[in-house]
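Chains as they are written, first to last, in the numbering used here: chain X, 866 to 1050; chain D, 866 to 1050.
We put the beta carbon where it would ideally sit given N, CA and C, even for glycine.
Note that the structure is predicted; figures quoted are calculated from it, not measured.
For reference, the structure discussed in these notes is given below.
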DNA sequence: GATCGTCTGTACCGATCGGTACAAACAGCA
DNA sequence: TGCTGTTTGTACCGATCGGTACAGACGATC
C-alpha cells in the first residue's frame, strides 16, 4: 500500500509539455527527466512501460480533461448555446490563445498509428459527437449539426497549425471569433 | 561540370514520403537510404548538408509545386472563380483525397522552428495571399476576402489532421465540398 | 587504352537512444 | 532502534543515431 498517489499525476503536465515541444520521437528520456526533475529510476518506477506508457498517460489525462470541461457540458447543459460558448472559451484558454499546440493533433499527424490511434480517434470522435448533439439541441437540423460540428473541430485544429506555422497566435483568435458567429448566431 | 542533373530531384519524392510517414526526427538515414535505393555515400554526395538539407530541399520542392499549380493561377487567371475551383481539385489530388498528410503542416506542429520556419511560414503566407487576391478579384470585399482565405487554408490543414486522426479520409472530401460552397457560391 | 573527376558502398566514429540492474537512501511502523 | 518495503540515483547495456573517411567503381573525354 501507501502507493505513489501523486508522483505519476504530478509529472504528467511536464511530460506533456516535452511531447508538445519535441514530438514523440524527439522527446528523449534525458529531456523528460530534466523537465520533470525525476531520474530514470523514478520515471521507470512510475511508468514501467517506459516512454509509450508516458504518452498513453498523457493522452488519457488530456482526454479526461476535455471530457470533464467540454464534452460533458455540451451533452448535459440544459442551455446548449451556453455550453458551446463555454467550449469556445475553454478551448481558447487551453490552447493559450493559439500559443500552444494540440498534442493529440500533432500525434495524429506524425505517429505511425502505434498504440495511440484509439485514443487519438476517440478524442476527436467524442468532441465531434458532443458538439453535434449540442447543436441539435440548440435547434439545428441533424445534417447541419453534424457538418457544422465537424467543421468546427477541424477549424480549431487547422487554426493551431496555421497559428504555429505563421508564428502568429492571432490567427487562432480570429478563427474562434468566426466560429462563434457560425455556431451561436 | 556534368553536374548531377537528376540524382537530387529524383530522390526528393521518396525522401518526402519518408518525412511524411515518420516525421523529421523519426526519418532515419537508414530509412531514407532504403526507400531511395541510395547508399549513404550517394545521399551525402547529393545533399552535403545531410538530413537538414534534405528537408529543406523537400520543402522547397513542395513550395515550388504549389506556386506553379495553385498560387500562380489564383493570382493570374483571368477567371478567379475557375482558379479557385482548380485550387480545390488540385488540393484534393495532391493530398490524395485525405489519405496523405501535409508535410509542411506536420513540420509546423513538431519541428522546433529550426531552419525551416521561414519556408513553412512562406508556404502558408503565399497561399493565403494568393487566395485572398483571387477572392477580391471575384468581387468580395477586402476584409471578407482575407478572412475567407484564412479560413480556407486553415480548414484544409484541419481537414487533413482530422481525416488522419479518425482514420477516415472522407472527412477531407466533405470539408472540400463545404469549402467550395463558401468560396464559389 | 590512359586519364581524370564524379559517384557510391563500406567501415567506422563518438554520441545518444530507450531500457535494465541494483544498491544505497528513505519512509512507515513497531 | 531495528525491520520492511518503496523510492531513487547511478552505472551500464546493446542498438542505433547522424555524420565522416576513403578506396574503389564508373563514365566521359582525348
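For a contact meaning CB atoms closer than 7 Å, what does residue i contact in chain X?
| i | result |
| --- | --- |
| residue 956 of chain D | Per Cβ cutoff of 7 Å: no residues; residue 956 of chain D is ~13 Å from chain X at best. |
| residue 990 of chain D | 1031 |
| residue 1000 of chain D | Result: empty, since nearest Cβ-Cβ is about 15 Å, beyond 7 Å. |
| residue 985 of chain D | 1030 |
| residue 966 of chain D | 974 |
What does residue i reach in chain D if we use C-beta pairs closer than 8 Å?
| i | result |
| --- | --- |
| residue 901 of chain X | What residue 901 of chain X touches in chain D: nothing, since even the nearest Cβ is about 19 Å away. |
| residue 1083 of chain X | Because chain X spans 866 through 1050 in this model, residue 1083 of chain X falls outside it and cannot be assessed. |
Tell me where the alpha helix (DSSP H) around residue i begins and ends.
| i | result |
| --- | --- |
| residue 905 of chain X | 905 to 911 |
| residue 971 of chain D | 968 to 975 |
| residue 924 of chain D | 916 to 931 |
| residue 1003 of chain X | Here residue 1003 of chain X belongs to no alpha helix (DSSP H), and DSSP marks it neither H nor E. |
| residue 939 of chain X | 937 to 941 |
| residue 1034 of chain X | Taken as a continuous stretch (DSSP letters only), residue 1034 of chain X belongs to no alpha helix (DSSP H), as it is neither H nor E. |
| residue 954 of chain X | 945 to 959 |
| residue 872 of chain X | 872 to 891 |
| residue 898 of chain D | 894 to 901 |
Using a cut-off of 8 Å between C-beta atoms, extract the partners of residue i located in chain X.
| i | result |
| --- | --- |
| residue 1016 of chain D | 1020, 1040 and 1043 |
| residue 995 of chain D | Those do not exist, as residue 995 of chain D stays about 15 Å from chain X at its closest Cβ, beyond 8 Å. |
| residue 970 of chain D | 974, 1026 and 1030 |
| residue 1012 of chain D | 1039 and 1043 |
At 7 Å on the CB atoms, spell out the chain D contacts of residue i, in chain order.
| i | result |
| --- | --- |
| residue 886 of chain X | 977 |
If the cut is a Cβ gap below 9 Å, which residues of chain D does residue i touch?
| i | result |
| --- | --- |
| residue 963 of chain X | Correct list: empty, because the minimum Cβ distance to chain D is about 11 Å. |
What whole-angstrom Cβ distance do residue i and residue j have, given they're in contact under 8 Å?
| i | j | result |
| --- | --- | --- |
| residue 887 of chain D | residue 975 of chain D | The Cβ separation is near 11 Å, so there is no contact. |
| residue 938 of chain D | residue 948 of chain D | 4 Å |
| residue 1015 of chain X | residue 1036 of chain D | 7 Å |
| residue 950 of chain D | residue 1034 of chain D | Not a contact, Cβ separation roughly 21 Å. |
| residue 961 of chain D | residue 924 of chain D | Going by Cβ atoms, the distance from residue 961 of chain D to residue 924 of chain D rounds to 19 Å, so no, they are not a contact pair. |
| residue 1026 of chain X | residue 973 of chain D | 6 Å |
| residue 922 of chain D | residue 873 of chain D | 7 Å |
Checklist entry - Going along the region 1019 to 1042 of chain D in order, which residues come within less than 8 Å of chain X, judged by CB to CB distance? => result 1019, 1020, 1021, 1022, 1023, 1024, 1025, 1026, 1027, 1029, 1030, 1031, 1032, 1036, 1039 and 1040
Item to check | Contact set between the region 890 to 916 of chain D and chain X, restricted to residues whose Cβ is under 7 Å from the partner | outcome: 890 and 891
Next on the checklist: With three or more C-beta pairs closer than 8 Å as the rule, is the region 1035 to 1048 of chain X touching the region 1035 to 1046 of chain D?
Outcome noted: no
Next on the checklist: Please identify, using Cβ separations under 9 Å, the residues of the region 931 to 950 of chain X that lie next to chain D, in order along the chain.
Outcome noted: none
Checklist entry - Using 8 Å as the Cβ pair cut-off and three pairs as the minimum, do the region 1021 to 1033 of chain D and the region 980 to 994 of chain X touch? => result yes
Checklist entry - Are three or more beta carbon pairs between the region 896 to 907 of chain D and the region 973 to 984 of chain D nearer than 8 Å? => result no
Checklist entry - Quick one: any contact between the region 870 to 881 of chain X and the region 903 to 913 of chain X, if contact means 3 or more CB pairs under 8 Å? => result yes
Checklist entry - Would the region 995 to 1005 of chain X and the region 924 to 943 of chain D be scored as touching if the rule is three or more Cβ pairs under 8 Å? => result no
Checklist entry - Does the region 1017 to 1025 of chain D come close enough to the region 1015 to 1024 of chain X that 3 or more CB-CB pairs lie under 8 Å? => result yes
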